[in-house]
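Sequential numbering of the sequence shown, starting at 15, is according to our numbering. No residue lacks a Cβ here, since even glycine has one placed at the ideal position from N, Cα and C. Owing to the predicted nature of the structure, the values given are computational and were not obtained by experimental measurement.
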Amino acid sequence: MVGLATGSVLSQAHAATREQQTAACKGDALKFCTFDIPNEKKIASCLQAKREKLSPACKAMFPEKKSGAKKKPK
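Written out as structure tokens, the structure reads:
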């Protein structure tokens, strides 16, 4: 169940296949987001929030969010 939930949620975060997403993030989902399983949206949100703690493979599924603030020209 976790693999299915993790895989389908992460498809929103990156263009990787479901199998790649599940393989990359299953352990992190179980470690950091246990209480969010099986809610797919909550798992994705949890993993994104804990991005800095994720394994390198899972972190790659969640590109860094770009800041909405624009730099002022000098």
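With a threshold of 6 Å on Cβ separation, who are the neighbours of residue i within its own chain once the five nearest residues in sequence on each side are excluded?
i, result
"Pro68", "Reading off the sequence, residue 68 comes out as Leu, not Pro. Answer for Leu68: Asp42, listed in chain order."
Leaving aside the five residues before and after residue i along the sequence, list all residues of the same chain whose C-beta is less than 8 Å from its C-beta, in chain order.
i, result
"Arg65", "Lys73, Phe76, Glu78"
"Phe46", "Cys60, Leu61, Lys64, Lys67, Leu68"
Taking only beta-carbon atoms, is residue i less than 8 Å away from chain C?
i, result
"Arg32", "Structure shown: chain C not included; a single protein chain is present."
Identify whether residue i lies in helix, strand or coil by the three-state DSSP scheme.
i, result
"Thr31", "coil"
"Glu66", "helix"
"Lys40", "helix"
"Cys47", "coil"
"Lys73", "helix"
The alpha helix (DSSP H) that contains residue i, what's its start and end?
i, result
"Leu61", "54–63"
Looking only at its chain, what residues have a beta carbon closer than 7 Å to the beta carbon of residue i, apart from the 5 residues adjacent to it on each side?
i, result
"Lys56", "Asp50"
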